[in-house]
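A short worksheet on the structure shown next.
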Amino acid sequence: MDFQFGEREIRLREEIRQFVRENLPQGQVPYFEEHDDEEWDFGMSIAKKLADKGWLTISWPKAYGGMGAPEWERAVFLEEVGYWGIPGYSMGVSGVTWVGPSLMLFGSEEQKKKYIPMIASGESDGVWCTGYSEPDAGSDFASLQTRAEKKKDHYLLNGQKVWISAGHRARWCWMAARTDPGAARKHDGISVLIVDMKSKGVTVRPIVNFYGFHLFNEIFFSDVEVPLENLVGIENNGWRHLMQALTFERGNKALVDYGESKRLFDELVHFAKESGDIRRPYIRQKLADVAVELETFKVLTYETVWKLTNGVRIIWEPSRDKASKDMLSDQISRIGTELIGAYSQVDPLYTDTKWSRLRGRAERLYYRWTGYASAAGTTDNQRNIIGQFGLQLPKAY
Amino acid sequence: MVDFGFTKDQEMIRKSVRQFLDKECPKDVVRALKTDKLGYDPKAWKKMVGLGFQGMAIPDQYDGMGGEYLELVVFMEEVGRNLMPSPFFATVALCALPIERFGSDAQRQAILPAIANGQIWTLAVMEASADYDPANIEMAATKEGEGYRLNGTKLFVPFAKAAEKFLVVARTKSGGPAQEGLSVFIVDAAQKGVAVEMIPTAARDQRYEVRFDNVEVPAANILGQVDRGYDIVSYILQDATVLKCAEMSGGAQAVLELTRRYARDRIQFGKPIGQLQAIQHRLANTFIWVEGLKNLVYEAAWHINAGDPRAELVSMAKVKANTVYQQACIDGITIHGAIGFTEEMDVGLYHLRTKAHEFDLGSSEFHRERIIREFEEQEPLFAKVYA
């Protein structure tokens with residue numbers, strides 16, 4: 156047993172902090188980067204710098220433009236990303252986080268050669284979105300109906316996808332479509348496809364969220380021709396590929412979330428000291444409770460990384476960590492906004508009004524987490540997975 | 007490098023402890039010991055001596071096995087899982103550890119081998135305020151000639167009837183700051199003026215009121231330095247607290263497991279109740295909390311084992327243990343339904359211990375205060391890096 160990082164990780168942390176000092180303003184807050192052109196462009200400029208450092212795809216093999224760094228270094232990087240709010244680290248999430256790793260696992264050689272370097276370079280051609288959910292296939296995503304009909308030299312794609320984060324920024328779409336509508340089970344007959352967002356017949360329509368931000372979209376596919384070589388993995392075996400990709404998605408986010416929550420906690424303690432609220436026993440107790448859950452979340456995410464590095468097959472662990480994180484976000488954003496008091500009603504879009512506190516950090520999380528909780532499966536979906544695989548109970552849904 | 011694994015030796019200890027407990031202490035024994043006068047099984051206690059359990063972390067030169075703190079953590083986790091009633095925690099965690107750390111050579115030579123060979127000890131610290139605030143330790147130790155006279159009452163002292171010896175925290179000097187002027191005395195249970203009275207706790211887990219009426223103690227029986235007893239209490243609040251947390255973690259794991267099994271086996275509406283999302287999601291939450299508790303305890307324990315104890319981690323582990331153990335029991339019983347309310351089901355045995363555990367070595371409120379004190383004293387990282 157050991158709870159200390161090695162020299163390499165400690166050095167990497169220092170280098171990242173140096174980078175942060177040089178490239179980000181002191182009050183950097185986690186962006187809603189897809190919403191705002193200026194923020195998006197700044198994020199992409201950072202992405203390029205991260206790529207130059209080798210950090211953007213730190214754990215990818217050197218041959219694919221990464222550093223071949225062990226999992227622990229990737230973990231340190233993601234944690235620091237969260238703490239310092241480093242924008243651009245995921246370039247709209249999909250590419251860096253699961254498209255690349257999934258392609259390495261089950262993509263063709265041509266796909267690996269073509270797409271992976273684009274992602275690793277930090278250029279805008281490496282920006283991806285992901286098309287999973289549909290109007291009638293949300294949590295029950297195996298019910299998806301978008302049809303990819305196999306023709307002689309292409310799939311003919313028709314259908315509609317929703318909740319597509321960064322759909323308006325992406326060059327490529329990583330998506331799931333039904334290739335065999337006659338399959339006996341709905342989980343069979345699904346395939347993973349890569350769609351060029353510049354293809355004829357692709358329409359992106361913004362969805363504005365409840366606090367006025369444009370983060371995600373609807374995408375309509377109307378007779379879109381997708382070359383056959385854009386099939387990823389085995390035809391009709393998409394469900395299994397997707398479950399793997401979702402594990403990457405849940406796993407990666409947890410470390411960023413830890414860093415971000417830790418930053419908010421540090422900010423809240425600092426704020427309470429400055430304001431004098433730290434003397435209130437109620438606030439002291441509440442903040443201490445947050446500290447407990449934060450540390451708990453940290454050890455859980457670390458344990459998952461440790462399992463990964465030891466070749467343990469990861470099944471329910473990312474679900475455990477994700478549900479845990481949702482509960483932590485709820486807790487810390489409630490206490491945070493309560494500490495800030497009436498000022499927490501200021502629109503988090505504005506970080507620097509004279510009424511803004513902590514540059515809107517607490518209320519940003521407060522409004523955001525409930526929405527982000529649905530990404531990669533709602534909190535209750537995670538509980539289903541934990542029930543089925545962690546607790547070995549019969550499938551409940 | 008961060009590593010959550012146990013060594014082969016530690017895993018072997020876990021296995022042998024688990025086998026021992028399963029064999030020596032099935033739940034009918036736990037139930038039977040409730041009405042036993044001493045509350046533990048002396049035959050099993052002897053066998054534990056034979057296996058080297060009491061001396062597990064006592065150095066070789068004192069007849070111990072010379073093991074590490076982490077081995078005690080493994081042991082307590084298994085005890086918590088099994089619920090074995092015994093004076094192990096009182097003897098080893100509350101007394102042997104501080105004696106090893108603070109005792110004089112003579113004290114260590116006299117006491118540690120005795121403990122390794124089965125002598126029972128306990129700690130008397132809590133008073134009427136029922137907390138660990140040093141300001142509330144009022145029991146007087148009055149200097150008289152070469153020795154002291156103890157007068158006062160201690161509460162919730164575990165296994166006081168079975169114990170041959172006590173460590174007693176008393177005030178040798180008053181008027182100064184609360185942490186100063188406390189001393190820890192070694193007192194023979196058979197001494198004149200010592201009276202024990204069992205408190206009828208819900209679990210009948212052997213908690214006593216111990217009254218000291220003009221008990222004479224020679225100065226040589228002070229553990230550590232006179233007036234510096236709070237150092238010892240602080241140490242106990244660190245090393246023993248995490249062992250208590252390990253015990254609670256083991257208990258919470260056991261409650262989750264037996265509730266899971268019940269939910270899987272109990273059929274209603276033609277299917278296992280564990281298939282109903284209302285039940286499964288509650289179990290999933292308990293699973294998340296128990297996993298968190300388990301690993302948080304390991305983290306706090308590892309730092310102690312490495313000689314780098316972290317006060318905030320110790321207190322976090324205790325707050326988490328207090329919350330999770332209780333929640334697991336309440337959910338456990340309510341998921342069982344009416345049968346969970348009966349004597350036959352094991353879940354209630356755990357639930358009966360929740361309150362004792364919660365206040366042993368500090369309530370959640372007490373530990374939250376310690377946590378926030380650690381953080382408010384630190385300069386935040388974001389300020390340091392941009393400084």
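These protein sequences, in sequence, are chains A and B. For our numbering, add 155 to where a residue sits in the first sequence, where the first one is 1. For our numbering, add 6 to where a residue sits in the second sequence, where the first one is 1. Glycine included, each C-beta is placed from N, C-alpha and C at the ideal position.
- For residue 353 of chain B, the enclosing alpha helix (DSSP H) begins and ends at 353-357.
- The beta-carbon separation of residue 495 of chain A and residue 442 of chain A, rounded to 13 Å, does not stay under the 8 Å limit for a contact.
- Residue 202 of chain A places its beta carbon 8 Å or farther from that of residue 404 of chain A.
- In the three-state reduction of the DSSP assignment, residue 314 of chain A falls in the strand class, which pools E and B.
- Straight-line spacing of the CA atoms in residue 360 of chain B and residue 331 of chain B works out to 7 Å.
- Within chain B, the residues whose beta carbon sits less than 9 Å from that of residue 176 of chain A are 391, 392, listed in sequence order.
- For residue 202 of chain B, there is no enclosing alpha helix (DSSP H); the residue is found in the beta strand (DSSP E) stretching over 200-205.
- Within chain A, the residues placing a beta-carbon under 8 Å from that of residue 308 of chain B are 156, 157, 158, ordered along the chain.
- Here DSSP, grouped into helix, strand and coil, assigns residue 158 of chain B to strand.
- At least one CB of chain B lies nearer than 8 Å to the CB of residue 541 of chain A.
- At a beta-carbon threshold of 8 Å, none of the residues of chain A lie near residue 341 of chain B; the nearest stands roughly 12 Å away.
- In the three-state DSSP reduction, residue 377 of chain B falls in the helix class (H, G or I).
- Between residue 103 of chain B and residue 245 of chain B, the gap from beta carbon to beta carbon is short of 8 Å.
- Counting only the Cα atoms, residue 508 of chain A lies some 22 Å from residue 242 of chain A.
- In the structure shown, residue 274 of chain B adopts extended strand secondary structure according to DSSP, grouped into three states.
- Assigned with DSSP and collapsed to three states, residue 144 of chain B falls in coil, not helix or strand.
- In the three-state reduction of the DSSP assignment, residue 289 of chain A falls in the strand class, which pools E and B.
- The alpha carbon of residue 184 of chain B has as its nearest neighbour, out of B/235, B/159, B/60, the alpha carbon of B/235.
- Annotation for residue 123 of chain B: 55, 60, 61, 69 place their beta carbon closer than 8 Å to its own, counting only its chain and skipping 5 residues before and after.
- DSSP places residue 321 of chain B within a helical segment (H, G or I) once states are collapsed to three.
- Listed by position along chain B, the residues whose Cβ is nearer than 7 Å to that of residue 479 of chain A are 294, 298.
- With respect to the C-alpha of residue 269 of chain A, the residue from A/209, A/194, A/250 having the closest C-alpha is A/250.
- In this structure, A/345 is the residue among A/381, A/345, A/354, A/275 with its C-alpha nearest to the C-alpha of residue 298 of chain A.
- Beta-carbon to beta-carbon, residue 288 of chain A and residue 316 of chain A are separated by about 7 Å, close enough to satisfy the 8 Å threshold.
- When the five nearest sequence neighbours on each side are left out, the beta carbons in the same chain lying within less than 6 Å of the beta carbon of residue 410 of chain A are those of 230, 233, 234, 456, in order along the chain.
- Closest in alpha carbon position to residue 374 of chain A, among A/286, A/267, A/465, is A/286.
- Of all residues in the region 288-321 of chain A, none is placed with a Cβ closer than 7 Å to any Cβ belonging to chain B.
- Chain B places no beta carbon closer than 8 Å to that of residue 268 of chain A, leaving this residue out of the contacts.
- Interface residue (Cβ-Cβ distance to chain B less than 8 Å): residue 408 of chain A is not classified as such.
- Residue state for residue 336 of chain B is assigned as helix, using DSSP reduced to three classes.
- DSSP, read as helix, strand or coil, puts residue 51 of chain B in helix.
- Taking C-beta atoms as the reference points, residue 214 of chain A and residue 224 of chain A count as a pair closer than 8 Å.
- Cβ neighbours of residue 400 of chain A within its own chain (closer than 6 Å, five residues either side excluded): 253, 257.
- For residue 215 of chain A, not one C-beta of chain B is nearer than 8 Å to its own C-beta.
- Between the alpha carbons of residue 52 of chain B and residue 98 of chain B lies a gap of roughly 15 Å.
- Listed in chain order, the non-local C-beta contacts of residue 296 of chain A below 7 Å within the same chain comprise 287, 288, local neighbours out to five positions each way being set aside.
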